[in-house]
Amino acid sequence: MDIKALAKKIFEKGRQQGLGDMEISYSSGRDLSLKVFQRDLDGYSFSESEGLSIRGFYKGKMGRSYTEKVDESSIDLLIKNVAENATVIDSDDEEFIYEGSSKYKTVNTFNPDLEKVSEKYKINFVKKLEEEAFNADKRVVSVETCIYGDGCAETSMLNTKGLCLNDRSNIAYTYISVVAKDGNDIKTGFAYRAGNDFYEFNPKDIAEEAVKEAILMLGAKSIKSGDYPVIIRNSAAADLLEAFTGIFSAENIQKNLSLLKGKLNQKIGSDNFTLVDDPFMEKGLASKSFDGEGVACKYKKVIDSGILKTYLYNLKTAKKDNIETTANSSGSLGIAPSNFYVEKGKKTLDEIISGTDKGLMITELQGLHAGLNTVSGDFSLAASGYEINDGKITGSVEQITVSGNYFELLKDIEEVGSDLKFGLPGESYIGSPSIKIRKLSIAGE
Amino acid sequence: MVKYNKLHKDRSDCVLNKQLIEDTLTAALSTGGDFAEIFVEDKTNNGIVMIGGKVESTVSGRDYGVGIRIFKGFNSVYAYTNKSDKDTLIATAKKAAAAIEGTKSYIRLNLERSGVKNINTIKIDPESVEKTRKVQLMRQAYDTAFNCSDLITQVTIGYTDYTQNVMIANSEGLWKEDSRVRSRIGISSVASKNGEMQSGFFGPGASKGYEFFENLDINSYAKEASRIAVTMVNAKYSPSGRMPVIIDNGFGGVIFHEACGHGLEATSVAKNLSVFSGKLGEQIASPVVTAIDDGTISGEWGSFNMDDEGTESHRNVLIENGILKGYMIDKLNARRMNMDITGSSRRQSYRFPPTSRMSNTFIDNGSSTPEEIIANTERGIYAKNMGGGSVNPSTGEFNFAVMEGYIVENGEIKEPVRGATLIGKGAEILKKIDMVGNNLSYSQGLCGSVSGSIPVNVGQPMIRVSEITVGGREGAE
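See below:
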């Protein structure tokens, strides 16, 4: 696809129809996914796809459209949609088509070696992954999901102000979920890896991690309701942070949808809590040199030793607050962090556990899309994990809920571990070490 | 008389010619596959967001793609592309076929184009309605919701409509087209008091055109969203512990959707991964429970003329008087299970291979009145409106959020409580449903699972669960 030529035609046609500045984003990519069930490659999927989105001014307002049928036959409809959509906008917020930053930092998001791994090798890997899970423990009765996938994506951004940016990245991921059974007791455990170095994936390690999670949960019981000191293990803490990332968005601040409004430069977390958005992070799976509006990305501490330093901005919201954008536009709509993580502390998880007299460690949280209120910060989530007595894990716990308020939790962080771990990447790549909270409310028996 | 759905065919690019379909299917079967299918989608989307009474963003656009699926025994291959020219389709089909090891299967293709019985009549094509009219509707919802109370500080209205044209053809000779139109509006109100915020939401939707909005009492939904937010900002935290819970009709049906529905999808049943695998004919729920998955209800959000494999939608009885009667089964899992398909194979788009999913899933009416249920409850929680939830089908562990809850005491509804979450195991909770009301109603939602996010109805009359774990921030009861 000669995207420059197509862009030129779109811009010409747009001008003829009365559009002002315009910008297009074109993405194309390939994906592969391999699924194994009972030693059989039972699912094999691949795709080659592309899409084009456009935004542009019409009578002073910004309209948007997109198409997945990327050819000249779509031009008229795209332009018609942009004009029509702009016409109904009545927000007074000023929008921008950006001419480009003076300098862009190079980030390394493409690993040519990944494109050279043979399919046979990948199939062997995912079959081995399943086999290792069955080998790890005889109580493993089935492997629910055993998947390997990879993909490569390219994006071009061009506008009538002369901006012309390109970006390319690739990624591989693997996920396994196992079922362990002991008598009538059934438990599941999962593990995953993501990155663009295939050879870092070790099937034995990944399978054993998933199996260990399931086996340790066998025999789990509910516990007595009450307030407990709670260690939220790294991946669960990252999941919780991910569910609340919206509170840092300037869009939500300006719309009165975040309680962090008016809290800049105030203490909102404990001293040991520092939250970073680093688009240049080594091996970061949301690393990028420019954001969704073509602005050069920036490193920033959102919370520094408990003090709220900035919100996450795009051009529109930054203009409203009369400051520079933090380059966190996530495309045509919205604001999102890049590699977004809690800075690690000094203590290992074991040290934090042994410093806990009586409490709980939460290893998994469920219902994060439903059981929390990002506006109030309240959460009440189904959870599982381990009971801690006299500094030792004494048993596993299930069928409990953990409740609290995220804004209060930030102030109640007693310990931040050294075990920083990231979740599966999406628009953002979010990570946290294990954190210990002074107390949270647990409902069980 | 059978009516055929012809809407938008003129604008759609999703009908390929017979020769191209046959060539693609033949290429797909060139290495020994025993079934091949082609799915073409051409979809127009419209979305408008209004925040604080102003239209903040509008997007409209076109999704377009082709998916090719091949089976060999229990194994499947899936590929998709955005292009539908002959070279791309044949190359994609061949590349997909290359993943199957075998020799050419001699399947005689005999495509026969047939119509689909139309259950969702579209009166006003949403594409024909001016955006300004859609905005007027949103403004009305906004004004009503915002002016409900001084405590309402923000209202967000989301409007969507889409027309999804699909063509499905397969090596068994099936060749069908359909057009699916859906319309929905979401109202989200936020109430603030003393630095705290709570929200309320309502999102009515249907498999209808713009006539859905013209016949909708939008003000009553807007008022409900704000009423919930205001009630909750004035509520204290929910107590926690095990107690009886009364769950009201409509979106309360999310309990069945999570606690049981997902566990009855062939996706997990076929591989023996569900707690309900191999339990047909057994008593899995209390005798007062009858549950149905019905994709044939005219105009409902989760209804469809044909599923994404081209099978007409069915009404499937899942549980009758507590006895497990059936599962939801797609073509591929039907092979593993050696059972019939149930018209339940769905997908978000051409980007996903279809699999068994829910449509409009509900607990059927029972014999109690809502008043009786409340009057018979000494102490517990009344969940008037539910939020979303999730489930692990292997263990049956589910959780869901109560959006609007109240304390029940001595047979009466008392003060509101916020922040309650209900958790449990599906197999256990089904046996603890001890009263079922007679006020069945449906609510709309989007269900996310392996084949993407799809529109579904949940539903039930008021029910009572004799004991369930309630998670709240107040100490134990």
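In order, the protein sequence lines correspond to chains A and B. For the first sequence, the residue numbers in my numbering are 13 to 457. For the second sequence, the residue numbers in my numbering are -9 to 467. Ideal Cβ positions, reconstructed from N, Cα and C, are used throughout, including at glycine.
So, is residue i buried or exposed, given that buried needs 16 or more other C-beta atoms within 10 angstroms?
| i | result |
| --- | --- |
| E405(B) | exposed |
| H381(A) | exposed |
| Q9(B) | exposed |
| C164(A) | buried |
| Y432(B) | buried |
| A157(B) | It is Met, not Ala, that sits at residue 157(B) in the sequence shown. By the neighbour-count rule (16 or more Cβ atoms within 10 Å), M157(B) is buried. |
| E35(A) | buried |
| A514(B) | The structure shown has nothing for residue 514(B), since chain B only spans -9 to 467. |
| V407(B) | buried |
| R180(A) | exposed |
| R98(B) | exposed |
| A17(A) | exposed |
| K236(A) | exposed |
| Y96(B) | exposed |
| Q154(B) | buried |
| R123(B) | exposed |
| P344(B) | buried |
| D369(A) | exposed |
| G26(A) | buried |
Among the options, whose alpha-carbon lies nearest the alpha-carbon of residue i?
| i | options | result |
| --- | --- | --- |
| L79(B) | K62(B), T16(B), Q126(B) | T16(B) |
| M233(B) | V448(B), G414(B), G43(B), F29(B) | G414(B) |
| M169(A) | K275(A), I198(A), N97(A), K20(A) | K20(A) |
| Y187(A) | K321(A), N208(A), D197(A), Y204(A) | Y204(A) |
| G306(A) | L175(A), I425(A), K128(A) | L175(A) |
| G379(B) | I403(B), V448(B), I353(B), K421(B) | V448(B) |
| S468(B) | T14(B), G43(B), M425(B) | Since the first residue of chain B shown is -9 and the last is 467, residue 468(B) is not available in this structure. |
| F390(B) | G379(A), Q278(A), E60(A), E127(A) | G379(A) |
| N93(A) | V455(B), G51(B), E102(B), K226(B) | G51(B) |
| V392(B) | A394(A), A206(A), A95(A), D88(A) | A394(A) |
| R129(B) | V39(B), R325(B), R305(B) | V39(B) |
| I309(B) | A256(B), L420(B), N323(B) | L420(B) |
| S130(A) | I319(A), S86(A), L44(A) | L44(A) |
Using a Cβ cut-off of 8 Å, pull out every chain A residue sitting near residue i, in sequence order please.
| i | result |
| --- | --- |
| F390(B) | G379, A382, G383 |
Only counting the same chain, and skipping five residues up and downstream in sequence, which positions put a Cβ closer than 6 Å to that of residue i?
| i | result |
| --- | --- |
| K(-1)(B) | Because K(-1)(B) sits at a pLDDT of 35, beneath the cut-off of 50, its placement in the model cannot be relied upon, and the following sentence gives the value as read from the coordinates. Correct list: empty, nothing qualifies. |
| F192(B) | I177, Y211, E214, A215 |
| I15(A) | Y38, S168 |
| A455(A) | S237, T413 |
| E263(A) | T329, I347 |
| G57(B) | F29, Y70, Y340 |
| G258(A) | N264, T386 |
| M425(B) | S358, I363, R454 |
Within a Cβ cutoff of 8 Å, which residues of the same chain sit near residue i, ignoring the five residues on either side of it in sequence?
| i | result |
| --- | --- |
| D207(B) | none |
| S408(A) | L228, M229, L230, G231, A232, K233, S396, G397, Y398, E399 |
Leaving aside the five residues before and after residue i along the sequence, list all residues of the same chain whose C-beta is less than 7 Å from its C-beta, in chain order.
| i | result |
| --- | --- |
| I403(B) | I364, Y372, Y396 |
| Q450(B) | N239, G242, G243, F246, F352, I353, L430 |
| F23(A) | M34, T172 |
| Y56(A) | L46 |
Interface residues of chain A around residue i at Cβ under 7 Å?
| i | result |
| --- | --- |
| A89(B) | Y56 |
| S384(B) | E156, V191, I198, T200 |
Under 7 Å Cβ-Cβ, which residues of chain B neighbour residue i?
| i | result |
| --- | --- |
| Y70(A) | The premise fails here: Y70(A) is roughly 12 Å from chain B at the closest Cβ pair, so nothing lies under 7 Å. |
| L269(A) | Q144, V180 |
| I101(A) | V45, T48 |
What residues of chain B sit near residue i, judged by a beta carbon separation below 9 Å?
| i | result |
| --- | --- |
| V129(A) | Neighbours of V129(A) on chain B: none; closest Cβ ~16 Å, over 9 Å. |
Who are the neighbours of residue i on chain B, taking C-beta pairs under 8 Å?
| i | result |
| --- | --- |
| Q411(A) | E387, I413, G414, K415, T459 |
Quick one: list the residues of chain D neighbouring residue i, beta-carbon separation under 7 Å, in chain order.
| i | result |
| --- | --- |
| F49(A) | Absent here is chain D; the protein component of the structure consists of chains A and B. |
Taking residue i as the query, report the chain A residues whose CB atoms sit under 9 Å from its CB, ordered along the chain.
| i | result |
| --- | --- |
| M348(B) | Those within 9 Å of M348(B) in chain A number zero; the least Cβ separation is about 17 Å. |
What are the start and end residues of each continuous beta strand (DSSP E) run of 3 or more residues lying completely inside the stretch 336 to 403 of chain A, in chain order? Counting only runs of 3 or more, we get 351 to 354, 370 to 378, 390 to 401.
Just to confirm the assignment: which complete beta strand (DSSP E) runs, minimum length 3, are found wholly within the stretch 264 to 298 of chain A? Within the stretch 264 to 298 of chain A, the runs of beta strand (DSSP E) at least 3 residues long that lie entirely inside it are, in chain order, 287 to 289.
Taking only runs that begin and end inside the stretch 222 to 247 of chain B, name each unbroken beta strand (DSSP E) of 3 or more residues, in chain order. If we require 3 residues or more, the beta strand (DSSP E) runs fully inside the stretch 222 to 247 of chain B come out as 231 to 237.
Complete runs of the beta strand (DSSP E) confined to the stretch 180 to 267 of chain A [at least 3 residues]: Secondary structure within the stretch 180 to 267 of chain A: the beta strand (DSSP E) runs of 3 or more consecutive residues, fully enclosed, are 197 to 207, 238 to 244 (chain order).
My parser needs the beta strand (DSSP E) runs of 3 or more residues fully inside the stretch 282 to 353 of chain B; what are they? With a minimum length of 3 residues, the unbroken runs of beta strand (DSSP E) contained wholly in the stretch 282 to 353 of chain B fall at 305 to 310, 350 to 353.
Please give the ranges of any alpha helix (DSSP H) in the stretch 20 to 100 of chain B, keeping only runs that are unbroken, at least 4 residues long and fully inside the region. Taking only runs of at least 4 residues, the alpha helix (DSSP H) segments lying wholly in the stretch 20 to 100 of chain B are 76 to 87.
Taking the runs of the alpha helix (DSSP H) that are 4 residues or longer, which of them lie wholly in the stretch 401 to 455 of chain B? Scanning the stretch 401 to 455 of chain B for uninterrupted alpha helix (DSSP H) segments of 4 residues or longer gives 416 to 421, listed from N- to C-terminal end.
Within the stretch 119 to 186 of chain B, note down every full beta strand (DSSP E) run reaching 3 residues or more, in order along the chain. Qualifying beta strand (DSSP E) stretches, in chain order: 142 to 160, 164 to 183.
List, from N- to C-terminal side, the alpha helix (DSSP H) runs of 4 residues or more that fit wholly inside the stretch 97 to 149 of chain A. Within the stretch 97 to 149 of chain A, the complete alpha helix (DSSP H) runs of at least 4 residues are 124 to 128, 131 to 148.
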